[in-house]
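Peer 1: I have a structure here, written as structure tokens, and I will follow up with some questions on it.
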Amino acid sequence: MILNVYTIIMLFASALTGILAIPAWFMSYRMYAMWKQSLHAEAKTDIENKSYLLLLMATVIVIIKLLSWPFFYVTLQSYVPEIRGAMCIFGVTQFDPSMSNALQLLKPLVFFLIGGWLLLNQLDRRAETSPLFRRKFLFLHLISFMVIADSVGDFIYFAGLKTEGSVACCTTFFDLPERATALLPLSILGAEYERYMLPAYYSFNVMLVIFMAVSYRGVRNIAPDKNNIMGATLSGAVLAALTAAVTIFAMFEVIAPRLMKLPYHHCIYCMWQYVPDSILITALFIIGVFLPCWALLLNMLGRHQETDATLRTYIMNIYFAGAVSLSASLLMVTLHLALE
């Protein structure tokens with residue numbers, strides 16, 4: 190184990206959330222099973238009172254886990270000087286690539302689910318009779334399991350990292366002609382694919398911003414049909430997924446090399462290291478594409494006669510925040526490219 194202050198904080202956060210998630214996993218399912226619409230008012234009140242401690246535990250878990258995803262990379266960055274051959278975070282991940290790749294997939298998934306649960310919980314609290322009570326605790330049951338898995342993965346991964354041995358530099362992976370981020374665009378766009386990557390990046394990002402800006406006003410005026418709202422939120426989520434895919438390829442192939450002023454280096458981890466505000470660009474982009482997906486998730490889980498008006502307001506606000514976040518990321522990239 191490479192022991193420093195970042196490791197201690199990371200493992201403490203993982204231990205705390207993992208320990209809290211175990212009783213939350215059991216208790217959330219118990220609350221889900223106990224709550225029935227046929228219960229009389231006193232029984233519902235008693236269950237709600239018992240759920241306050243669980244909701245407090247859940248709040249602690251979700252706040253820490255929301256912060257632990259970016260802190261995971263901060264911790265890996267602190268290991269770069271300690272591991273021979275590592276020039277950036279990517280080199281550190283190559284010490285145990287299977288576990289690091291699993292965690293890098295699991296952490297954004299946990300982040301996304303937690304964000305969705307926070308919105309669902311807030312929507313239920315705005316209603317008078319808690320119509321989403323069972324749904325939010327069943328959802329919390331799933332999240333608790335994911336948090337336990339994430340915490341266990343953190344301990345396995347960080348405990349196994351050592352300073353002995355050496356790892357491959359990121360150039361041996363990201364700068365080879367047969368790199369994954371180049372092969373797919375090459376097969377679709379041809380040998381001059383780099384010419385089309387930046388226009389594709391702007392096209393999809395601008396389309397998503399326009400969609401969310403229009404939807405910010407449009408959701409209020411959509412006919413009160415569940416299928417209409419579902420169609421709008423599903424369209425936004427699909428467009429967000431396509432935008433994310435295009436942006437990931439563009440970041441590696443075009444944007445990162447230009448921001449770093451290293452035209453033949455395609456490592457996004459190095460971009461975070463050499464261009465610090467690119468971390469904010471990435472964070473704003475992630476929030477910008479997650480928000481329309483959260484709108485879809487909230488619409489799927491939060492639909493109820495009692496929450497209809499509030500749900501529309503939430504979806505409108507989500508789209509507004511998404512348009513602002515994605516526009517800010519787009520503007521920062523544009524300023525960098527204009528000033529290079």
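The numbering used here numbers the first residue of the sequence shown as 190 and each following residue consecutively. Every residue, glycine too, gets a C-beta built ideally from N, C-alpha and C.
#1: Between Thr-523, Leu-526, Glu-237 and Ser-203, which has its C-alpha nearest Ile-345's C-alpha?
#2: Can you check the region 409 to 491 for any alpha helix (DSSP H) of at least 4 residues that lies completely inside it and give the ranges in chain order?
#3: First and last residue of the alpha helix (DSSP H) that includes Ser-355?
#4: Contact between the region 300 to 309 and the region 211 to 224 is defined here as three or more beta-carbon pairs at a separation below 8 Å; is this criterion met?
#5: Looking at the unbroken alpha helix (DSSP H) that takes in Trp-214, where does it start and where does it end?
#6: Under 6 Å Cβ to Cβ from Phe-328, same chain only, skipping five residues before and after it: list those, please.
#7: Could you tell me the distance, in whole angstroms, from the CA atom of Leu-487 to the CA atom of Ile-504?
#8: So, is the C-beta of Ile-475 closer than 9 Å to a C-beta in chain D?
#9: Spell out the partners DSSP gives Arg-273 in its beta bridges.
#10: Just the Cα atoms here: how many angstroms apart are Ile-468 and Trp-461?
#11: Given Thr-318, which residues of its chain have a CB within under 7 Å of its CB, disregarding the five upstream and five downstream residues?
#12: Starting from His-493, trace the alpha helix (DSSP H) in both directions and tell me its first and last residue.
#13: Can you give the beta carbon distance from Gly-342 to Leu-295, rounded, assuming they're within the 8 Å contact cut?
#14: Between the region 431 to 445 and the region 367 to 385, do at least 3 Cβ pairs fall closer than 8 Å?
#15: Count the C-beta pairs between the region 450 to 465 and the region 283 to 303 that are closer than 8 Å, then say yes if the count reaches three, no if not.
#16: The alpha helix (DSSP H) with Ala-369 in it runs from where to where?
#17: Just to confirm the assignment, what range does the alpha helix (DSSP H) spanning Leu-307 have?
#18: The alpha helix (DSSP H) that contains Asp-364, what's its start and end?
#19: Does the region 474 to 485 come within contact of the region 419 to 434, defined as at least 3 CB pairs closer than 8 Å?
#20: Apply the 10 Å Cβ neighbour rule to Pro-446 and answer buried if 16 or more other Cβ atoms are within range, or exposed otherwise.
#21: Please confirm if the region 352 to 367 is in contact with the region 233 to 249, defined as three or more CB-CB distances below 8 Å between the two stretches.
#22: Helix, strand or coil for Glu-237? Go by DSSP, reduced to three states.
#23: What do you get for Tyr-268, buried or exposed, if any count of 16 or more other CB atoms within 10 angstroms of its CB means buried?
#24: From Asn-290 to Pro-297, what distance separates their C-alpha atoms?
#25: If you run the structure through DSSP and keep just helix, strand and coil, what is Gln-283?
#26: Should Tyr-458 and Phe-279 be called a contact, given that it needs their Cβ atoms to be closer than 9 Å?
#27: In or out: Gly-207 buried (at least 16 other Cβ within 10 Å) or exposed?
#28: Can you tell me where the alpha helix (DSSP H) holding Met-335 begins and where it ends?
#29: Kindly give me the distance between the Cβ atoms of Val-356 and Ala-275, rounded to whole angstroms, as I take these residues to be in contact under 8 Å.
Peer 2: Short version:
#1: Translated into the one-based positions of the sequence shown, residue 345 becomes position 156. The shortest C-alpha separation from Ile-345 is found at Ser-203.
#2: 415 to 439, 445 to 449, 457 to 463 and 467 to 491
#3: Position 166 of the sequence shown, counted from the first residue, corresponds to residue 355. Where Ser-355 is concerned, there is no enclosing alpha helix (DSSP H), given that its DSSP letter is neither H nor E.
#4: no
#5: To locate residue 214, count along the sequence shown from 1; it is residue 25. Unbroken alpha helix (DSSP H) run through Trp-214: 194 to 223.
#6: Here residue 328 refers to the residue found at position 139 when the sequence shown is read from its first residue. Hits under 6 Å: Trp-306.
#7: By one-based count along the sequence shown, residue 487 stands at place 298. By one-based count along the sequence shown, residue 504 stands at place 315. C-alpha separation (whole angstroms): 8 Å.
#8: The structure shown has no chain D; it contains just one protein chain.
#9: As a working note, residue 273 is residue 84 in the sequence shown. The partner list for Arg-273 (beta bridge, DSSP) reads Ser-355.
#10: Working through the sequence shown from its first residue, we reach residue 468 at position 279. Working through the sequence shown from its first residue, we reach residue 461 at position 272. For Ile-468 and Trp-461, the distance between alpha carbons rounds to 6 Å.
#11: Translated into the one-based positions of the sequence shown, residue 318 becomes position 129. Excluding sequence neighbours, Thr-318 sits near Glu-495.
#12: Along the sequence shown, one-based indexing puts residue 493 at 304. No alpha helix (DSSP H) contains His-493, which DSSP labels as neither H nor E.
#13: Looking up residue 342 in the sequence shown gives position 153. Looking up residue 295 in the sequence shown gives position 106. Indeed they touch by this definition, with Cβ atoms about 6 Å apart.
#14: yes
#15: no
#16: Translated into positions along the sequence shown, residue 369 becomes position 180. Unbroken alpha helix (DSSP H) run through Ala-369: 369 to 378.
#17: Position 118 of the sequence shown holds residue 307. Counting along the chain, the alpha helix (DSSP H) containing Leu-307 begins and ends at 286 to 315.
#18: Start at 1 with the first residue of the sequence shown, and residue 364 comes out as number 175. Here Asp-364 belongs to no alpha helix (DSSP H), and DSSP marks it neither H nor E.
#19: yes
#20: As a first step, residue 446 is located in the sequence shown; it is residue number 257 there, counting from the start. With 16 or more other Cβ atoms within 10 Å, it is buried.
#21: no
#22: Locating residue 237 in the sequence shown gives position 48, where the first residue counts as 1. Note: Glu-237 maps to helix in three-state DSSP.
#23: Within the sequence shown, the letter at position 79 stands for residue 268. Tyr-268 comes out buried.
#24: The residue labelled residue 290 in the question sits at position 101 within the sequence shown. The residue labelled residue 297 in the question sits at position 108 within the sequence shown. If I take the Cα positions, the gap works out to 12 Å.
#25: Within the sequence shown, the letter at position 94 stands for residue 283. Coil at Gln-283, not helix or strand.
#26: For the purposes of this step, residue 458 is identified with residue 269 of the sequence shown, where counting begins at 1. For the purposes of this step, residue 279 is identified with residue 90 of the sequence shown, where counting begins at 1. The answer is yes: Cβ separation under 9 Å.
#27: Locating residue 207 in the sequence shown gives position 18, where the first residue counts as 1. By the 10 Å Cβ count, Gly-207 comes out buried.
#28: The residue labelled residue 335 in the question sits at position 146 within the sequence shown. From DSSP, the alpha helix (DSSP H) with Met-335 extends over 322 to 349.
#29: Position 167 of the sequence shown holds residue 356. Position 86 of the sequence shown holds residue 275. That pair is a contact at about 5 Å.
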